[in-house]
Amino acid sequence: MLIFWEQRLVFLATPKAGSTAVEVALESLASVSMQRPAPMKHMSATDYHQVLAPWLAARAGAPFTTVALMREPIGWLRSWYRFRTRDDMEDPDHPMAGKSFDAFAQDYMAPKPPPQADIGSQSAHLCGPDGLPRVDRIFRYEEIDAFMNFLEDRLDCAITLSRVNVPPAADVALQPETEAALKRAMAADFRLYDSLA
């Protein structure tokens with residue numbers, strides 16, 4: 006999470022949606038950079054509005070605009086899979102050792118996912134309990150240039166993103182029936198993603 010005091014702007018970091026690259030590029034411009042621990046770096050929109058937003062608005066005398074990135078839902082799950090498998094070569098007992106993306110997707114959809122697949126959802130991170138977005142502006146990760154243009158206008162500076170925290174390439178093929186099941190299981194994420202202009 007990055008807080009820009011003078012601009013009354015807060016970047017909420019959605020896990021596995023380019024947040025580390027944004028933080029590396031903008032940390033020096035931010036008034037506050039919360040990168041550790043993970044619950045602070047990746048504070049959900051609901052937690053932000055319950056905990057931090059009232060304090061910021063009271064101290065600054067005005068509410069802050071919130072912005073975030075959202076990744077295409079299955080692409081987001083693929084990124085999590087690559088992230089989770091990056092260390093399995095060193096540890097033959099790693100829970101991801103030898104696990105295909107299709108099997109990881111099945112784990113993700115399980116009623117009680119195993120820890121390595123218990124990663125929540127982007128819609129839960131960005132929306133309230135009513136399913137409505139709690140972020141003022143959500144940009145598609147796949148259209149990050151629009152996000153960069155917004156930030157450059159708001160922060161009045163040129164921004165260059167570097168590629169950081171990029172997991173290794175992996176086979177991320179899905180069986181058609183698994184992909185169809187994922188689209189049903191991730192329906193809230195797809196609705197939110199499709200609503201983004």
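Be aware that the sequence shown starts at 6, since it is given in this note's numbering, and climbs by one per residue.
Glycine included, every Cβ here is placed at the ideal spot set by N, Cα and C.
| query | result |
| --- | --- |
| Residues in its own chain within less than 7 Å of T19 by CB, not counting five upstream and five downstream? | A73, L74, M75, Q127, H130 and L131 |
| My output table needs one value for R41: the three-state DSSP class, helix, strand or coil. | coil |
| Specify, as a first and last residue, the run of the alpha helix (DSSP H) that V27 falls within. | S24 to L31 |
| How far does the alpha helix (DSSP H) with F144 in it reach, from first residue to last? | Run containing F144: none in the alpha helix (DSSP H); it sits in the beta strand (DSSP E), R142 to R145. |
| Enumerate in chain order the residues of its own chain whose CB-to-CB distance from M114 is below 8 Å, with the five nearest sequence positions on each side excluded. | A186, L187 and A190 |
| If you reduce the DSSP assignment to three classes, tell me which class A73 lands in. | strand |
| Inspect the CB distances between the stretch 55-73 and the stretch 134-148 and report whether three or more fall short of 8 Å. | yes |
| Tell me whether V56 is buried or exposed, calling it buried when 16 or more other Cβ atoms sit within 10 Å of its Cβ. | exposed |
| Can you find a CB in chain C that lies within less than 8 Å of the CB of S84? | In summary, chain C is missing from the structure at hand, where a single protein chain is found. |
| DSSP state of L137, grouped into three classes? | coil |
| Can you grab the Cα-Cα spacing for the pair K21 / A67, in whole Å? | 30 Å |
| Suppose the cutoff is 8 Å on Cβ atoms and the five residues either side in sequence are ignored; what does the same chain contact list for S36 look like? | I8, F9, W10 and E11 |
| Within a Cβ cutoff of 8 Å, which residues of the same chain sit near A151, ignoring the five residues on either side of it in sequence? | F144 and R145 |
| Does DSSP put L7 in a helix, a strand or coil? | strand |
| Less than 7 Å between C-beta atoms, sequence neighbours within five positions excluded: which residues of the same chain meet that for R159? | Q12 and L14 |
| Grab me the residues of Q40's own chain with a C-beta within less than 7 Å of its C-beta, minus the 5 sequence neighbours each way, in chain order. | E28 and K46 |
| List the whole-angstrom C-beta distance separating T51 from A110, where the pair is believed to meet the contact cut-off of C-beta under 8 Å. | Rounded, the Cβ-Cβ distance is 26 Å, inconsistent with contact. |
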